[in-house]
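Student: Residue numbers (this note's numbering): 15 to 946. In this text, a Cβ means the ideal position worked out from N, Cα and C, and glycines have one as well. Just dropping this structure here.
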């Protein structure tokens, strides 16, 4: 009987709420009216207003007339209602918790913000679909509150197919700074802007074989994702418009500019393995500055625990603890009351704590003058680890201190301070707009080591060291004038300007104990802090350079359907000379549903100060002992002996062609093909040891190192690719159903290799790049990025609940292993097969302003191929038929010894490729938005 009564009441409720029912008709007396206009007060014709009665799901739609007015009558009184206002080319608005009174019309005035892009064009009214070049626009307000993770690199990695970023492991400083790539090119070939102003790069240069090898990246994670309004990614060469680095494209981070409201975000998550706990607390607030200004501020702290492989076993032929003989190994462990677990190698993400602060401000001094400023600050404390120092390698390195005599795992710690500020003035001079700005940004990275020794000091060795560090500072003065000539053709925008930039780079030496070899203290022991040797005084260097630039940028609507554009730029650098580049673009609206766009540009990338000045002696611990490899800048004596010339700029030629399809309402498809040729591409060379020439051997002895590397303009490459992006949405029931699909396909090939005279005699063309540019270095550039990346998502957004499923497929990645021992046959060629992961995101709005998001990233716990599997997928050194065949050859050549390659396959079973190595991640986010 109770169930029957419940069924009756449910039936009665449904009948009463059905559209057209007698009850509903009797109470449909509420009305919504209003006007929709732009921020400048211009009315919008044909804008859509959707009114959704949340209790019943009744949805009514109206459009604005030529005066921007709309009216919806015969609505149910009460509520709550949700109002959605949309217009192509403008950002949609959603107004929740609207209640209507019978016979009392509710009147609204809505101001829509133009959904324009700030990259790829200097017109102020271009939307992403109207742009002459492809631009991805990512809404960070939603992404930061709902998607897995909170750092920008990981958020973008799963929504932009041409963008890639992964965390490194056991790669010294690269563990602490996530590199980024665009369209399969290098980290230093993409320009990053904040609010349209150039962002400084990290002081770190990626070494030890990490994927953005030999380049300095811009650290996107120094800025809180909760401080961002949206991110624009221009997928086209734009050096003629913005200057050096923009060969692959431009990433523009737009900060929030609200003068009201704000939010509090709390994030917690952990990996299925139990490692890698993440937690974040972020607060954003918008404030008024008088009646004519705004100040938007964000403060954030987050913590990330370390991750490691949940299970692995040491290979006694690779990294034994005491001996490669099993009986001796077990005897050592038993005698010292140890097990193999006590020597577990951490081999995942570093421990990281970030403190971030962001502000964005503007104030109207008058109708013709506006002052603005924005800035960021990030303090980061990180801890990574190096491989264990073990009795099996060199007992003299163990020392006698308690806790060290049986082996130790050094901690590589960093302290990173990153800050930037911009001050600018917008002026209206007649019909011209003048933007004057001054920016200053700096990144400082200091290393300190703990749980380690300088074995050459013997018992006197400390267990922690200040190892020195790096600093990069950039100051940019910019002046840009622009004007839209309405009466020239169908509208012509002219912009011109000048820029002065000063770059300063410094390497600071560490404490003497961190780098010095006190041979008398402990004979046979290694010198310097183990795990990471400090910067010695000969590495300490400081240098600066200046450049001045001028540009002209013209974009004209020849007709309302045809746009052409062009830009020219001249830059002169104090250290290597000048560059003149240009860009030409066109876009044709062939029909209502089809637009064609094309571009051709030349570009350049000035060698970074990091590449020009970097020098360090790198400690490479191996199972057979410690070796030292020096990176020497091109001003050094040994570089002169080697015939390595001063670095000059990379030059590029970029051609692209694309389609924009809008066959039906709310369906958008874009396709863009591109080819990017880069000449004089900069790479780290191979490591050169003794035997090349008598003069070179003398130089090696003088430098007190066993091998050296240099930066050189050595490569001419070609990158071809295709970007596909599609999205579709439709109203369904009480909510919105959204589909997205996107993909990037790319391939980079070596067109030619430029080898100095000293190395031409030893160049082996059968093993491409094995001598002057090493196999690994070259393969990381040509095949080290995913050949493809395919994204797909389906989501349903209701009044309170929403659910999204995301699919990401990373294509094949392949590259050569390290060749630490200088084997003539080279190294294993790894092939990491394609992998696909699935994300699941569920959100719920239990109350006004409160949003809960729970989800899983990499739900099915997919990991990349481990090194042994990748070696089987590829091939053994020098094309041996199998790993077994190579092992037999190696034993024959080395007196029965067992090859330890692939290097570190046991202690570091995964290398950072594709989607990272940590498996499934589960998280909960809670955010509360306050104020109006």
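On the DSSP bridge list, what partners appear for residue 873?
Tutor: Sequence index remark: in the chain shown, residue 873 carries index 859 (1-based). None; residue 873 has no bridge partner.
Student: Looking at the unbroken beta strand (DSSP E) that takes in residue 627, where does it start and where does it end?
Tutor: The count along the chain shown starts at 1 and reaches residue 627 at position 613. Note, residue 627: premise wrong, no beta strand (DSSP E); alpha helix (DSSP H) at 623–627.
Student: Which runs of the beta strand (DSSP E) spanning at least 3 residues fall entirely within the segment 489–558, listed in chain order?
Tutor: Entirely contained in the segment 489–558, the beta strand (DSSP E) runs reaching 3 residues are, in chain order, 506–522.
Student: Should residue 881 be labelled buried (16 or more other beta-carbon atoms within 10 Å of its own) or exposed?
Tutor: Within the chain shown, numbered from 1, the residue matching residue 881 stands at position 867. Buried, because 16 or more other Cβ atoms sit within 10 Å of the Cβ of residue 881.
Student: Considering only C-alpha positions, which residue in the set 454, 395, 421 is nearest to residue 460?
Tutor: What you label residue 460 is simply residue 446 of the chain shown in a count that begins at 1. Minimum Cα distance to residue 460 is reached at 395.
Student: Between the C-alpha atoms of residue 856 and residue 365, what's the straight-line distance to the nearest angstrom?
Tutor: Position 842 of the chain shown, counted from the first residue, corresponds to residue 856. Position 351 of the chain shown, counted from the first residue, corresponds to residue 365. Residue 856 and residue 365: Cα-Cα distance of roughly 28 Å.
Student: Can you find the residues in the same chain that come closer than 7 Å, C-beta to C-beta, to residue 941, ignoring five residues on each side of it along the sequence?
Tutor: Numbered from 1 along the chain shown, position 927 holds the residue referred to as residue 941. Contacts found: 159, 277, 278, 279, 865.
Student: Which residue marks the beginning of the beta strand (DSSP E) containing residue 818, and which one marks its end?
Tutor: As a working mapping, residue 818 is identified with position 804 in the chain shown. Start and end: 815–824.
Student: What residues in its chain sit with their C-beta under 8 Å from that of residue 24, if we drop five residues either side in the sequence?
Tutor: Within the chain shown, the letter at position 10 stands for residue 24. Note that residue 24 scores a pLDDT of 39, beneath 50, so its modelled location is shaky; the value from the coordinates is reported in the next line. So the list is empty, once near-sequence residues are dropped.
Student: Mind checking whether residue 438 and residue 419 have CB atoms under 7 Å apart?
Tutor: Counted from its first residue, the chain shown places residue 438 at position 424. Counted from its first residue, the chain shown places residue 419 at position 405. Not in contact: residue 438 and residue 419 (Cβ atoms no closer than 7 Å).
Student: Could you check where the beta strand (DSSP E) with residue 652 kicks off and where it finishes?
Tutor: As a first step, residue 652 must be located in the chain shown, where it is residue number 638. Not the beta strand (DSSP E): residue 652 falls in the alpha helix (DSSP H), residues 651–656.
Student: Please list, in chain order, all residues of the same chain as residue 53 whose beta carbon is under 7 Å from its beta carbon, the five residues on each side excluded.
Tutor: Residue mapping note: residue 53 aligns to position 39 of the chain shown, counting from 1. Result list for residue 53: 125, 127, in chain order.
Student: So if DSSP puts residue 262 in a beta bridge, which residue, or which two residues, is it bridged to?
Tutor: Indexing the chain shown from 1 puts residue 262 at position 248. Paired residues: none, contrary to the question.
Student: What residue does the beta strand (DSSP E) around residue 606 start on, and which one ends it?
Tutor: Position 592 of the chain shown holds residue 606. Where residue 606 is concerned, there is no enclosing beta strand (DSSP E), given that its DSSP letter is neither H nor E.
Student: Closest by CA to residue 628, which one among 613, 645, 614, 619?
Tutor: Within the chain shown, residue 628 is the residue found at index 614, counting from 1. When only C-alpha atoms are compared, the closest one is 645.
Student: Residue 887 by DSSP, collapsed to three states: which one?
Tutor: The residue you call residue 887 lines up with position 873 of the chain shown. The answer is helix: DSSP assigns residue 887 an H, G or I state.
Student: I'd like to know whether the C-beta atoms of residue 705 and residue 721 end up nearer to each other than 7 Å.
Tutor: Locating residue 705 in the chain shown gives position 691, counting from the first residue. Locating residue 721 in the chain shown gives position 707, counting from the first residue. Not in contact: residue 705 and residue 721 (Cβ atoms no closer than 7 Å).
Student: Taking 6 Å as the cut-off, is the beta-carbon of residue 332 closer than that to any non-hydrogen atom of the ligand ZN?
Tutor: Here there are no bound small molecules, and the ligand ZN is not part of this structure.
Student: Of all the CB atoms in chain C, is at least one closer than 7 Å to the CB of residue 834?
Tutor: Of the protein chains in the structure, only one exists, and it is not chain C.
Student: Check whether the segment 647–659 touches the segment 578–585, counting contact only when three or more Cβ pairs, one atom from each stretch, lie closer than 8 Å.
Tutor: Short answer: they don't touch.
Student: With distances taken from CA atoms, which of 923, 927, 818, 943 is nearest residue 322?
Tutor: Here residue 322 is taken as the residue at index 308 of the chain shown, counted from 1. Closest by alpha carbon: 923.
Student: For the beta strand (DSSP E) that contains residue 759, what are its first and last residues?
Tutor: As a working note, residue 759 is residue 745 in the chain shown. Segment 749–767, the beta strand (DSSP E) holding residue 759.
Student: Use the C-beta contact count for residue 747: other C-beta atoms within 10 angstroms, 16 or more gives buried, fewer gives exposed.
Tutor: Working through the chain shown from its first residue, we reach residue 747 at position 733. Classification of residue 747: exposed, given that the 10 Å Cβ count is below 16.
Student: Within 10 Å of its beta-carbon, does residue 109 have 16 or more other beta-carbons around it, so buried, or fewer, so exposed?
Tutor: If you number the chain shown from 1, residue 109 lands on position 95. Looking at its Cβ environment, which holds fewer than 16 other Cβ atoms inside 10 Å, residue 109 is exposed.
Student: Using the C-alpha atoms, what's the distance from residue 837 back to residue 4?
Tutor: Absent from the model: residue 4. The displayed extent of the chain is 15 to 946, so no value can be given.
Student: For the alpha helix (DSSP H) containing residue 254, list its first residue and its last residue.
Tutor: The sequence position of residue 254 within the chain shown is 240, counting from 1. That run of the alpha helix (DSSP H) goes 253–256.
Student: I need the DSSP call for residue 431, collapsed to helix, strand or coil.
Tutor: Your numbering for residue 431 matches position 417 in the chain shown. Looking at residue 431 - three-state DSSP - the assignment turns out to be strand.
Student: Taking only the alpha-carbon atoms, compute the straight-line gap between residue 208 and residue 225 and give it to the nearest angstrom.
Tutor: Within the chain shown, numbered from 1, the residue matching residue 208 stands at position 194. Within the chain shown, numbered from 1, the residue matching residue 225 stands at position 211. Cα to Cα, the separation comes out at about 25 Å.
Student: Suppose you measure from the CA of residue 275 to the CA of residue 298; what does that come to, to the nearest Å?
Tutor: Within the chain shown, the letter at position 261 stands for residue 275. Within the chain shown, the letter at position 284 stands for residue 298. Spanning the two alpha carbons is a distance of roughly 8 Å.
Student: So, is residue 171 buried or exposed, given that buried needs 16 or more other C-beta atoms within 10 angstroms?
Tutor: Along the chain shown, read from residue 1 onward, the residue named residue 171 stands at position 157. Residue 171 should be labelled buried.
Student: Judging by CA-CA distance, which residue of 735, 88, 93, 98 is the nearest neighbour of residue 50?
Tutor: On the chain shown, residue 50 is found 36 positions in, with the first residue counted as 1. Among 735, 88, 93, 98, the Cα nearest to that of residue 50 is on 98.
Student: How far does the alpha helix (DSSP H) with residue 947 in it extend, from its first residue to its last?
Tutor: As shown, the chain starts at 15 and ends at 946. That puts residue 947 outside it, with no answer to give.
Student: Going by CA-CA distance only, name the one from 817, 932, 794, 833 that's closest to residue 199.
Tutor: Counted from its first residue, the chain shown places residue 199 at position 185. Cα-wise, what sits closest to residue 199 is 794.
Student: Are the beta-carbon atoms belonging to residue 951 and residue 296 less than 7 Å from one another?
Tutor: Since the first and last residues shown for the chain are 15 and 946, residue 951 lies out of range.
Student: What did DSSP end up calling residue 352 once you bin it into helix, strand or coil?
Tutor: Mapped onto the chain shown, residue 352 falls at position 338. Correct three-state label for residue 352: coil.
Student: If you draw a straight line from the C-alpha of residue 935 to the C-alpha of residue 463, how long is it?
Tutor: Here the question's residue 935 lines up with position 921 in the chain shown. Here the question's residue 463 lines up with position 449 in the chain shown. Using only the alpha carbons, I get a separation of about 30 Å.
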